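> In our numbering, the protein residues as written are 1 to 142.
Sending over a structure as structure tokens; questions will come in a sec.
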Amino acid sequence: MTSSKIKSLQTIHLAVAGSLLFFGAVVYYLLNYDGGAITDLSPDIFRRIVPITIILGMTAAYYFKKTMLRTALAQKNDESKWAAYQKAFMVELACLEIPGLVSIVAALLTGETNFLLIGIALIAVILFRRPTERKVRLELGV
């Protein structure tokens, strides 16, 4: 496992978090300086959808990563372990990104800035999952 592989994974991680943050900033601007929500949708449905997607997304991220890491640990050489870890990390990142997108889109459609705060909290969760060489070695048992 080389430093360049970790750096590429960190770049992807930062790009996902940064794109969510940028999208949230654009939605914040649209809501506060450009006339408000896009539609007149009631936020009631999104008050149910957003928590459900958060629970499902975080559960799926945990479950899929653990399952995929179990197969990674069964690999013989370090290269195949690393490839399996990359796949597991990307799946985890996607599962955590979906609730963030849903909450920011809910803010855009309804005009409720509380959904933006939820999106920012999910971005923080994604940022805390930043891959480091120490974390990767610990999870792979290398």
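C-beta: ideal position from N, C-alpha, C; glycine also.
On a predicted model such as this, the values are computed, not experimentally measured, just so you know.
Do the segment 85-105 and the segment 64-76 touch if we need at least three Cβ pairs shorter than 8 Å?
yes
> For the putative contact between GLY119 and LEU20, defined by C-beta atoms under 8 Å, what is the C-beta separation to the nearest angstrom?
Going by Cβ atoms, the distance from GLY119 to LEU20 rounds to 7 Å, so yes, they are a contact pair.
> Quick one: what's got a C-beta closer than 6 Å to MET58's C-beta in the same chain, skipping five residues either side?
Result list for MET58: empty, nothing under 6 Å.
> Should the segment 127-137 be called in touch with the segment 104-112, which here means at least 3 C-beta pairs below 8 Å?
no
> Within the continuous alpha helix (DSSP H) that includes SER42, where are the two ends?
Here SER42 belongs to no alpha helix (DSSP H), and DSSP marks it neither H nor E.
> Can you list, in chain order, the residues of its chain whose CB lies under 6 Å from that of PRO43, leaving out five sequence neighbours each side?
THR110 and GLU112
> Identify, in the order they occur along the chain, each residue of the same chain with its Cβ nearer than 8 Å to the Cβ of PRO131, setting aside the five sequence neighbours on each side.
ILE6, LEU9, GLN10, HIS13 and PHE89
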